[in-house]
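Heads up: the structure comes next, in structure tokens.
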Amino acid sequence: MDIQRYISSGVIENYVTGLLSADDMQELERLMLRYPEIRAAVGQCQEDMEALVHLNAVIPPPELKKRIIPGILEQHAVSNGQTNHAPKGPPITTTTVKRSTSTSATPVPNNLENHKNHSHVVPLSSNKIWRYAAVAALVLLACSLYFNFIYFGRYSTVKGRVAILSDRENKLTKNNEVYQTKMQDMEKELDLMKDPGFKWIKMSGVSGHAGSVATICWNPQTQVLYILPQVLPRLASDQQYQLWAIVNDQAVDAGVFSPEHESGTMLRMKNIARAQAFAVTLEKKGGNRTPSMEQLFVTGKVTQ
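Counting from 1 along the sequence shown, just add 503 to a position and that's the residue number in this note's numbering.
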């Protein structure tokens with residue numbers, strides 16, 4: 504049995520407010536003896552209902568009490584007086600009425616209507632009126648609580664669904680931004696490939712790093728230089744790769760990069776006017792003034 508689902512079904516609220524059928528009441532009382540969670544939920548609902556009644560209770564002003572109590576006492580006195588003493592009226596007399604078909608006479612009470620007007624009327628007790636009014640108020644309050652619980656549950660469900668949809672929308676927006684960036688990078692690479700002024704130099708791994716690969720895209724006329732890091736090992740947080748342009752056997756700094764964050768993306772490096780070859784070394788974060796040749800990973804020569 505799913506106890507939480509049973510508790511949230513509204514049966515307990517109907518039980519506390521007296522709206523449950525006799526069979527359902529017996530079933531709930533049997534479950535209360537078996538499951539402490541249901542018994543606790545019933546007790547909590549009763550406490551909440553009592554707290555709400557006390558919270559919404561309105562104390563009548565003293566002037567209202569002064570006006571009502573004398574009227575109740577007067578009605579009570581009148582009721583007792585009419586019950587103990589029969590109404591007095593004029594004696595009933597008879598009158599002879601002749602019929603058109605006979606000379607016989609029939610006695611008729613001439614004060615019958617007067618006697619009917621003195622029939623006894625018992626006033627409705629004021630206590631009963633207030634009792635019925637209190638019961639009606641409690642029933643209305645219980646119904647209000649019941650529907651509030653229902654609509655609050657539905658509101659919570661809809662609110663949860665809206666939050667989920669909003670989260671999905673945010674993720675789709677972020678993914679769309681990523682795809683847009685990738686599309687722009689691809690368009691930029693395509694433009695570079697179409698430009699005959701750019702040279703493409705493949706750099707292969709040296710001894711000990713045979714699987715490493717990177718590609719240089721360089722325009723000697725405009726001096727614009729890009730690198731495409733394709734296969735390079737991951738770095739520690741305090742390390743970066745550094746690109747070098749080899750000019751007359753001298754290494755010229757062309758910038759640093761971190762491929763673990765930008766793998767597969769064309770990276771803009773420093774402008775280089777002349778170069779016979781390019782190389783990549785592993786350096787400390789921020790780069791070095793001279794290359795660490797023992798940390799050389801890839802090299803590639805510029806073809807004429």
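Beta carbons: idealized from backbone N, C-alpha and C, even for Gly.
Here R777 has V750 as same chain residues with Cβ atoms under 7 Å from its own Cβ, once five neighbours each way along the sequence are excluded.
Nearest to L770 by C-alpha distance, out of G663, A543 and Q745, is Q745.
When C-alpha distances from E553 are compared across V716, Q529, N722 and A645, the shortest belongs to A645. For Y518, the uninterrupted alpha helix (DSSP H) run begins and ends at V514 to T520, by DSSP. With a threshold of 16 other beta carbon atoms within 10 Å, F800 meets it and is buried.
Judged by their CB atoms, G803 and I704 are nearer to each other than the 9 Å cut-off. If you check the CB distance, Q507 and E540 come in under 9 Å. DSSP, reduced to helix, strand and coil, places T718 within a strand of the structure shown.
Between the beta-carbon of L728 and that of A754 there is about 15 Å, and that puts the pair past the 8 Å contact cut. When W747, T676 and Q807 are compared, the shortest CA-CA separation from I730 is found for W747. Rounded to the nearest whole angstrom, the C-alpha separation of R664 and F650 is 21 Å. For the options K697, S669, Q779 and N791, the alpha carbon positioned closest to that of V759 is the one of N791.
Boundaries of the alpha helix (DSSP H) around I506: I506 to I510.
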